[in-house]
Amino acid sequence: MTTLAPSMAQVTSSPGASDNAAEAGTAGDRRNRDEDGATAGRDLGQDAQAAELEQEEGSQYILEFNRSPVVGTRLRLEGIYNESRLRFTRPRNWSVKSVKILLRYRHSGALYATRSNLNVIVNDNNVGSVPLNLKQGDTGTIIFDIPTRILKDYNELIIAGLQNNSPTCTQDPFDPSLWTEILPDSKLVFNYDSEPFQLDFNSYPYPLIDVLSLETNHIDYIVPTTQDQAWLTAIAKLQASLGRIADYRPLDTDLVAKLDDVADGNRVVVVGTPSQQPMLEGLELPLTLKNKRWLDDKQTLISSDTGILMWTVLEDKQSPVLVATGNGPTAVAKAVQFLTQSQDRKIGAGQVVLVNDVEEIATPDIRDWPRYLPLSDNFELSDLNGFNNEPIEDVVIRGAHAPPFELDFKALPDDRFLPGNVMNLRYTYGPQVNPLTSLVEVQLDGITVAGRRLDSIDGKRRATLKVELPEQHITPQSRLKVYLRFDPRERRSCSRVTDHQLWGTIHSDSNFNLNRQQVAKLPDLNLLKAGYPFSSPQDLSRTAIVMPDKPSMTELSIMLEFSERLGRLSRSEAVQLAVYPVSQLTQEVQESQHLVAIGLRSQFPLVEALEAAEFNLKEGARQWGASEVQTLPDAEGVLQQQISPWNDSRVLLTMTAQSEPGLKQLRDLLELDSLFFQLQGDTALISANAETPSPYDDNAYNIEFLQRSAQRDVQEESTFQKAITVIQGNWFLLIPGIIVLSLLLYGVIQAYLKRNETLTAASGVMNDPSAPGEL
Numbered sequence: 012m013t014t015l016a017p018s019m020a021q022v023t024s025s026p027g028a029s030d031n032a033a034e035a036g037t038a039g040d041r042r043n044r045d046e047d048g049a050t051a052g053r054d055l056g057q058d059a060q061a062a063e064l065e066q067e068e069g070s071q072y073i074l075e076f077n078r079s080p081v082v083g084t085r086l087r088l089e090g091i092y093n094e095s096r097l098r099f100t101r102p103r104n105w106s107v108k109s110v111k112i113l114l115r116y117r118h119s120g121a122l123y124a125t126r127s128n129l130n131v132i133v134n135d136n137n138v139g140s141v142p143l144n145l146k147q148g149d150t151g152t153i154i155f156d157i158p159t160r161i162l163k164d165y166n167e168l169i170i171a172g173l174q175n176n177s178p179t180c181t182q183d184p185f186d187p188s189l190w191t192e193i194l195p196d197s198k199l200v201f202n203y204d205s206e207p208f209q210l211d212f213n214s215y216p217y218p219l220i221d222v223l224s225l226e227t228n229h230i231d232y233i234v235p236t237t238q239d240q241a242w243l244t245a246i247a248k249l250q251a252s253l254g255r256i257a258d259y260r261p262l263d264t265d266l267v268a269k270l271d272d273v274a275d276g277n278r279v280v281v282v283g284t285p286s287q288q289p290m291l292e293g294l295e296l297p298l299t300l301k302n303k304r305w306l307d308d309k310q311t312l313i314s315s316d317t318g319i320l321m322w323t324v325l326e327d328k329q330s331p332v333l334v335a336t337g338n339g340p341t342a343v344a345k346a347v348q349f350l351t352q353s354q355d356r357k358i359g360a361g362q363v364v365l366v367n368d369v370e371e372i373a374t375p376d377i378r379d380w381p382r383y384l385p386l387s388d389n390f391e392l393s394d395l396n397g398f399n400n401e402p403i404e405d406v407v408i409r410g411a412h413a414p415p416f417e418l419d420f421k422a423l424p425d426d427r428f429l430p431g432n433v434m435n436l437r438y439t440y441g442p443q444v445n446p447l448t449s450l451v452e453v454q455l456d457g458i459t460v461a462g463r464r465l466d467s468i469d470g471k472r473r474a475t476l477k478v479e480l481p482e483q484h485i486t487p488q489s490r491l492k493v494y495l496r497f498d499p500r501e502r503r504s505c506s507r508v509t510d511h512q513l514w515g516t517i518h519s520d521s522n523f524n525l526n527r528q529q530v531a532k533l534p535d536l537n538l539l540k541a542g543y544p545f546s547s548p549q550d551l552s553r554t555a556i557v558m559p560d561k562p563s564m565t566e567l568s569i570m571l572e573f574s575e576r577l578g579r580l581s582r583s584e585a586v587q588l589a590v591y592p593v594s595q596l597t598q599e600v601q602e603s604q605h606l607v608a609i610g611l612r613s614q615f616p617l618v619e620a621l622e623a624a625e626f627n628l629k630e631g632a633r634q635w636g637a638s639e640v641q642t643l644p645d646a647e648g649v650l651q652q653q654i655s656p657w658n659d660s661r662v663l664l665t666m667t668a669q670s671e672p673g674l675k676q677l678r679d680l681l682e683l684d685s686l687f688f689q690l691q692g693d694t695a696l697i698s699a700n701a702e703t704p705s706p707y708d709d710n711a712y713n714i715e716f717l718q719r720s721a722q723r724d725v726q727e728e729s730t731f732q733k734a735i736t737v738i739q740g741n742w743f744l745l746i747p748g749i750i751v752l753s754l755l756l757y758g759v760i761q762a763y764l765k766r767n768e769t770l771t772a773a774s775g776v777m778n779d780p781s782a783p784g785e786l
């Protein structure tokens, strides 16, 4: 590994960290200072500040480290050698002119300066190094230039620290005095030019969503004056599809009544026919709109069942606009369906797409969840996907302090695990390990479940470790970690090179044998964190959202947030989610679907179900069981799950409040991961502690959870499997049941034998010639 010359960076000590100018900067800087403490040539504090704020022609973006959950309040490096990795992207429409990294750090006063340093590596290219020679309590600042030629769409930044507290040899690599902290206000500074948007459907979802963006993608939906069932369903499907595309990335969605309300730079979506969206006439579109009917490039009327997709841009706001329209509701639905089907949208190209037909994709199996455990109880490690969504292959681990091999081990939400779940871990390790202090260790959700000493001096090929996986710890959020903890036979703590000969391999043919049955206890908001049961099957075809006939903007925003959340939690080739105004909800849908009802208490669409719930909002009052109170004002939102009154194998989820502020808290609950993944019980009550709560403040919201409804087993199995499940759940009744059945059977057999004896005796009397008869 090579390092750049010190002249490539400026180093300074922060004001307040060292008030003595003669003590600031590196050792070389101190040697170059005059007797009065002035630096020969330039003032380093001013240089660092100027480098941070310097902006070339164009735009500047500052990415602070504290936006990464890995950093939090500080990034700490411990031990003789340690490194931390941060990843960042390069937005698609950026032409990057220069990038600087500004690190603010502090370190232990016990470090020996000539043998301790901090290295910065970007995409395997070393961009700078600085000695750790600050005085106790000082905070240092270092700025490096990152060559733009080494940047990619996805980039990795490594901050590595070599730390020694002795001029010759640090004896204890775990000495607590070996530490360096990178402060959270460290940052990356980009100077760039914005490139024009490419309005072409071969780049979809860009520019509607840039998955490489460093900022939140903002989308504004234009709301028509009347919202019918077709429009509600179309935008819900599109938002669920965008949630799948965004995945873990933030997405901010708003609803506006007119184009003037669109914020500069926001993406705009217009869904509906020209009659629904009159503002289409004011946009510069590649197709002609005449008498509220679309004409093609030959000025011929487009069929009423042909979907139309177009890109345009609001020049005054620099906002790209996606238009999904047509000469009829069927055409609009077809256009949106084309965008939601991942395979179909790959064939889109150009600024205009006319959708003649869209393939109907079959509903996947109800238990086909791509990012969860396979359906088979016996499978191999290669049947699971890694972080890159590719099947896991053999994994090689090197070094004494290597990170673990980590993977998702997510059970399906309706999996109930029984004792007897086994993992057969196959691994290989090389020679040179210390057999007394080296081991393999398996953790499930941070709990160690198995381990074994690596006891062969010459290494071992394809060893097997049988791991009993505790059934209570296999959940829809589980993660499995495998550590190969190597310790060299000859430890030389001053040299990192001594652990390069330590290696091991975790083989992809490691296998699992699970013992599970399919049954879920509902209602349970904890399962909603995986989308269950609304995302089962994964195309959302069993879910229907019920809205008031005239929903407010807040109610519509909750519907979009819930659709987006279901999209993030599911994976399928299509989206079959449906939305109904309550006046158009049919009895068939009500009885066959999982229902989600949204609305203010005063216009709630399914009032009868709300009144039958354990927790009920009345006009100006609350009722829970036999208790009833009045609350003034009531600004809490209520999210409640219950068994559907119309089908005991379906679930009803209600989201309501007495006021608009309460509905806004429900929207935040669905939008913010920090709130959503707290869900439990069957009822959640949420309120905000401020008018505009901060999503980064742990105390900004109050959430309370209630559990009163009796849970029942809900399963998607045959009658035989249900019977087996009942027997397994009531095994303690098995022996008394067998005794009772035996007694009943014994009684039946005895009665049958006695009847046979009677008949035989009667038959013998009639056949006996000596028996008296009639004259």
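In terms of my numbering, the sequence shown opens at residue 12 and continues consecutively. Just so you know, even glycine gets a beta-carbon here, dropped at the ideal spot from N, CA and C.
With a beta-carbon spacing of about 14 Å, residue 219 and residue 362 fall beyond the 8 Å limit used to define contacts. Here residue 426 is near residue 527, since their CB atoms are less than 8 Å apart. Within a 10 Å sphere around the beta-carbon of residue 202 sit 16 or more other beta-carbons, which makes this residue buried. Considering only 93, 485 and 534, the residue with the shortest C-alpha distance to residue 434 is 485.
With distances taken between CA atoms, residue 558 lies nearest to 611 out of 611, 548 and 578. Counting only runs of 3 or more residues that sit fully inside the region 345 to 417, the beta strand (DSSP E) segments are 363 to 366, 389 to 391 and 406 to 409, in chain order.
Proximity to residue 586 across 411, 194, 547 and 597 peaks at 547, based on C-alpha coordinates.
The Cβ atoms of residue 152 and residue 172 do not sit closer than 8 Å to each other. Look at the beta carbons and you see the region 369 to 382 not touching the region 305 to 312: under three pairs across the two are nearer than 8 Å. The criterion of a C-beta distance shorter than 8 Å is satisfied by residue 323 and residue 296. Counting only the Cα atoms, residue 259 lies some 24 Å from residue 703.
Restricting attention to 224, 217, 215 and 127, the CA atom closest to the CA of residue 179 is found in 127.
Under the DSSP assignment, residue 244 falls outside any beta strand (DSSP E), being part of the alpha helix (DSSP H) whose first and last residues are 240 to 257. Residue 492 has its alpha-carbon roughly 8 Å from the corresponding atom of residue 457. Residue environment for residue 666: buried (at least 16 other C-beta atoms within 10 angstroms of its C-beta). The secondary-structure analysis by DSSP pairs residue 716 across a beta bridge with 695. Exposed is the label assigned to residue 213, since fewer than 16 other Cβ atoms lie within 10 Å of its Cβ. If you look at residue 675, you'll find it in the alpha helix (DSSP H) that goes 671 to 682. The criterion of a C-beta distance shorter than 8 Å is not satisfied by residue 274 and residue 228. According to the DSSP assignment, residue 590 belongs to no alpha helix (DSSP H) but to the beta strand (DSSP E) extending over 589 to 592.
Straight-line spacing of the CA atoms in residue 364 and residue 319 works out to 6 Å.
Per DSSP, residue 572 is one residue of the alpha helix (DSSP H) stretching across 564 to 580. Residue 605 is not a Cβ neighbour of residue 678, given a cutoff of 8 Å. Counting C-beta atoms within 10 angstroms of its own C-beta, residue 308 has fewer than 16 neighbours from the protein chains shown and is therefore classed as exposed. Pairing residue 698 with residue 625 gives a Cβ-Cβ distance that is not under 8 Å.
Residue 135 carries a coil assignment under DSSP once its states are collapsed to helix, strand and coil. Going by beta carbons, residue 197 and residue 113 fall inside the 8 Å limit.
In this structure, DSSP gives residue 187 a state outside helix and strand, which the three-state scheme calls coil. Taking all protein chains shown into account, residue 693 has 16 or more neighbouring C-beta atoms within 10 Å of its C-beta and is therefore buried.
When the beta-carbon positions are compared, residue 521 and residue 391 come within less than 8 Å of each other. Here residue 516 is actually not in contact with residue 674; their C-beta atoms are around 54 Å apart, not less than 8 Å.
Fully enclosed alpha helix (DSSP H) runs of no fewer than 4 residues occupy 536 to 539 of the region 493 to 542, in order along the chain. Under DSSP, residue 203 takes part in a beta bridge, and its partners are 70 and 107. The alpha-carbon separation between residue 189 and residue 500 amounts to approximately 23 Å. In this structure, the CA atom of residue 200 is about 10 Å from the CA atom of residue 157.
Proximity of the region 282 to 296 to the region 236 to 248 meets the contact definition, three or more beta-carbon pairs being nearer than 8 Å.
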